[in-house]
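Written out below as structure tokens is the structure these notes cover.
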Amino acid sequence: MNYTKEDFGDDFKWGVSTAAYQVEGAHDMDGKGASIWDVFANTPGRTLDNQHANETCDFYHHYAQDIALMSAMNIPNFRFSISWSRILPNGTGTINYKGIEFYNKVINFCLELGIEPWITLYHWDLPYELEKKGGWTNRDIIGWFCDYVAVCMKAFGDRVKHWMVLNEPLVFTGAGHFLGIHAPGKKGLNNFLAATHHAALCQAEGGRVVKDFLPNSKVGSTFSCSYIQPYRQTERDYLAAKRVDALVNRLFIEPLVGKGYPVKDFKLLQRLEQFVKAGDESRLSFDMDFIGVQNYTREIVAYSYYKPFIWARIVPATDRMVDITAMKWEVYPECIYEMLKKFDSYKNIKELIVTENGAAFPDVVVDDKVYDHQRTKYLQQHIKQVLRAKREGINVSGYFVWSFTDNFEWAEGYQPRFGLVHVDFKTQKRIVKSSGKWYGEFVKSRADNSPWSIVNSP
Ligand code: NOJ
Numbered sequence: 191m192n193y194t195k196e197d198f199g200d201d202f203k204w205g206v207s208t209a210a211y212q213v214e215g216a217h218d219m220d221g222k223g224a225s226i227w228d229v230f231a232n233t234p235g236r237t238l239d240n241q242h243a244n245e246t247c248d249f250y251h252h253y254a255q256d257i258a259l260m261s262a263m264n265i266p267n268f269r270f271s272i273s274w275s276r277i278l279p280n281g282t283g284t285i286n287y288k289g290i291e292f293y294n295k296v297i298n299f300c301l302e303l304g305i306e307p308w309i310t311l312y313h314w315d316l317p318y319e320l321e322k323k324g325g326w327t328n329r330d331i332i333g334w335f336c337d338y339v340a341v342c343m344k345a346f347g348d349r350v351k352h353w354m355v356l357n358e359p360l361v362f363t364g365a366g367h368f369l370g371i372h373a374p375g376k377k378g379l380n381n382f383l384a385a386t387h388h389a390a391l392c393q394a395e396g397g398r399v400v401k402d403f404l405p406n407s408k409v410g411s412t413f414s415c416s417y418i419q420p421y422r423q424t425e426r427d428y429l430a431a432k433r434v435d436a437l438v439n440r441l442f443i444e445p446l447v448g449k450g451y452p453v454k455d456f457k458l459l460q461r462l463e464q465f466v467k468a469g470d471e472s473r474l475s476f477d478m479d480f481i482g483v484q485n486y487t488r489e490i491v492a493y494s495y496y497k498p499f500i501w502a503r504i505v506p507a508t509d510r511m512v513d514i515t516a517m518k519w520e521v522y523p524e525c526i527y528e529m530l531k532k533f534d535s536y537k538n539i540k541e542l543i544v545t546e547n548g549a550a551f552p553d554v555v556v557d558d559k560v561y562d563h564q565r566t567k568y569l570q571q572h573i574k575q576v577l578r579a580k581r582e583g584i585n586v587s588g589y590f591v592w593s594f595t596d597n598f599e600w601a602e603g604y605q606p607r608f609g610l611v612h613v614d615f616k617t618q619k620r621i622v623k624s625s626g627k628w629y630g631e632f633v634k635s636r637a638d639n640s641p642w643s644i645v646n647s648p
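Okay, structure coming up:
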């Protein structure tokens, strides 16, 4: 199937995404307080080769250059996040006006160049001062978070129309509070369940705060998701896949849309009850203007006797003779179509937006060029599946590539490069990769005879 950008319609939003901790650097500059990621990544043994994002792409000082580059690449929408501890160094209380000033400069420069800013309020970098009080496991987080959201609304709400409350809550609760492989490095079922319930409440309460201040804004929240399939056609693998699907794809969206936690398909979630207080059930739901779908791959799941609680294991893509990315994730473009279909199947979903999709590959710089044809192909194939969903009547209205520039990939450090733009982390030099050139030309193209306008995707 060939396609052009015009097949998506004029209103379709094309963009790129980043996140504060992954790109900003300037970790202790101009009054910024430490976040849990500052502390975690600077603790030996937590990340690949002990890498941290103290400097990373130094977006803090290169924002104007990067936004100008984005504009030169024709990219009309920019999703980025606010570092909570840059504007509230202690998490609550005193405002750091230098932090507000930084985001004002970013927002204003975007608008000046005709780029629409989309802001994620929480992309995993909790102020460390709040972590000292229990962080996501302390129910007081609801008040702290709502106050922080209110500060953002007052500071930026006059210019920013699109807001996302949380980024991928399952990842910061699961990796950060159960497995201990992300900040804050907590482990165990109780930490995970407490963080989960409080994050689920914050996602809805945060949405309400945005709408109270800005009734005409568009508010959403974003969800990680993977298309889950059973390894064998057996009852045990099928049920294992159902449990993993409940955990990975349904845990946060279902309470938001008023269905409660998916306890029926993953009984262990009943234990969330110990954290539920009177009135929580209705507080968990909120009518978002859009849902951010963040998908990269699918997972094949088998029953496992050795994995307590979930009794399931992921069959690694490296054991399955399939194409993989530098993250060892399978390249399986249909997954994004399947996930859009799944999220669309909930009642009352107004709009779906792919707020992240992209791939890491081992890029090489030759003569100041990066010819990353695998990434271009990955994007073309996934965009085609988004169109397939749209043609079937699913209301998907945007697509954002992860990521604009190479950046700090959490526990994996700088090894995986996801950018459309290559970054030399020593010199801060930027090189637009061939995938970035393709994406920019594609989003600008009209259905004429230009070589960019028609994508002949396999
Ligand atoms: C999900 C996260 O939101 C983002 O921070 C991360 O870098 C990408 N996916 C790639 O793993």
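Numbers in our numbering are just positions in the sequence shown, counted from 1, shifted up by 190.
Backbone N, C-alpha and C fix where the C-beta goes; we use that ideal spot for every residue, glycine too.
It should be emphasised that the depicted structure is a prediction, and the values quoted were computed from it without experimental measurement.
What are the start and end residues of each continuous alpha helix (DSSP H) run of 4 or more residues lying completely inside the region 347-421, in chain order?
Segments of the alpha helix (DSSP H) lying fully in the region 347-421: 359-367 and 379-403.
Which class does leucine 437 belong to by DSSP, given the choice of helix, strand or coil? Helix, per DSSP.
| said: Check for me: the alpha helix (DSSP H) holding lysine 574 runs from which residue to which? | reply: First-last of the alpha helix (DSSP H) with lysine 574: 563-581.
*May I ask you to report which of helix, strand or coil DSSP gives asparagine 214?*
It should be pointed out that residue 214 corresponds to glutamate in this sequence rather than to asparagine. Of the three classes helix, strand and coil, the one that applies to glutamate 214 here is coil, per DSSP.
Check your understanding: alanine 549 to alanine 468, Cα distance in whole Å?
Key -> In this structure, the CA atom of alanine 549 is about 43 Å from the CA atom of alanine 468.
Which residues in the same chain have their Cβ closer than 7 Å to the Cβ of glutamate 319, if we skip the five residues on either side of it in sequence?
Contacts found: Gly223, Asn280 and Gly281.
Asparagine 547 (DSSP reduced to helix, strand or coil):
Coil at asparagine 547, not helix or strand.
Item to complete: Could you check if tyrosine 493 is buried or exposed, using at least 16 other CB atoms within 10 Å of its CB as the buried criterion?
Response: The residue in question, tyrosine 493, is buried, as its Cβ has 16 or more Cβ neighbours within 10 Å.
Verify whether the separation of the beta carbon atoms of valine 206 and isoleucine 290 is less than 8 Å.
Cβ atoms of valine 206 and isoleucine 290: not closer than 8 Å.
* Just the C-alpha distance for histidine 251 and glutamine 618, rounded to the nearest angstrom, thanks. => Taking the straight line joining both Cα atoms gives about 10 Å.
Mapping the DSSP letters down to three states, classify lysine 619 as helix, strand or coil. Three-state result, lysine 619: strand.
State the Cα-Cα distance for the pair threonine 327 and phenylalanine 198, rounded to the nearest angstrom. When rounded, the distance between both Cα atoms is 42 Å.
Roughly how many whole angstroms lie between the Cα atoms of valine 633 and aspartate 557?
-> So the alpha carbons of these two residues sit roughly 26 Å apart.
Checking the sheet assignment: what are the DSSP bridge partners for phenylalanine 590?
Gly205.
(Q) For glycine 588, which residues in the same chain have their Cβ closer than 6 Å to its Cβ, ignoring the five residues on either side in sequence? (A) Contacts found: Lys203 and Ile543.
- [ ] Report buried or exposed for lysine 457, applying the criterion of at least 16 other Cβ atoms within 10 angstroms of its Cβ.
- [x] It is exposed - the Cβ of lysine 457 has fewer than 16 other Cβ atoms within 10 Å.
Ordered along the chain, which non-local residues of its own chain (more than five positions away) have a Cβ less than 8 Å from that of lysine 344?
Answer for lysine 344: Phe403, listed in chain order.
Open item on the list: Our contact map puts lysine 408 next to phenylalanine 480 with C-beta atoms below 8 Å; I'd like the distance itself, whole angstroms only.
Closed with: Between phenylalanine 480 and lysine 408 the Cβ distance is about 6 Å, and since that is below 8 Å, they are a contact.
I'd like to confirm something about phenylalanine 442: is its beta-carbon nearer than 7 Å to some heavy atom of ligand 1, or not? Every heavy atom of ligand 1 is 7 Å or more from the Cβ of phenylalanine 442, so no.
Original post:
Can you name, in chain order, every residue of its own chain whose Cβ lies under 8 Å from the Cβ of glutamine 179, other than the five neighbours on each side?
Top reply: Outside the shown range of the chain, which is 191 to 648, sits residue 179, and nothing can be said about it.
message: In the DSSP assignment, the alpha helix (DSSP H) including glutamine 484 goes from what residue to what residue?
response: Following the DSSP letters along the chain, one finds glutamine 484 in no alpha helix (DSSP H) but inside the beta strand (DSSP E) bounded by residues 480-493.
query = Under the criterion of a Cβ to heavy atom distance below 7 Å, does tryptophan 592 qualify as lining ligand 1?
reply = It does: the Cβ of tryptophan 592 is within 7 Å (strictly closer) of some heavy atom of ligand 1.
### Query
Would you say the region 244-262 touches the region 343-357, given that touching needs at least three Cβ pairs under 8 Å?
The region 244-262, when compared against the region 343-357, does not touch it at the 8 Å Cβ threshold.
Checklist entry - Roughly how many whole angstroms lie between the Cα atoms of lysine 401 and proline 552? => result Their backbone Cα atoms lie some 42 Å apart in a straight line.
With hydrogens ignored, establish whether the beta-carbon of glutamate 546 is closer than 7 Å to any heavy atom of ligand 1.
Of the heavy atoms belonging to ligand 1, at least one sits nearer than 7 Å to the Cβ of glutamate 546.
**OP:** Would you give the residue range spanned by the alpha helix (DSSP H) that valine 171 belongs to?
**Re:** For residue 171 there is no data in the structure shown, the boundaries of the chain being 191 and 648.
Sub-8 Å separation of alanine 390 and proline 445 beta-carbons: Contact: yes.
Q) serine 625 and threonine 194 look like a contact to me (Cβ under 8 Å); what is the Cβ gap, rounded to whole Å? A) At roughly 18 Å, the Cβ-Cβ gap does not stay under 8 Å, so serine 625 and threonine 194 are not in contact.
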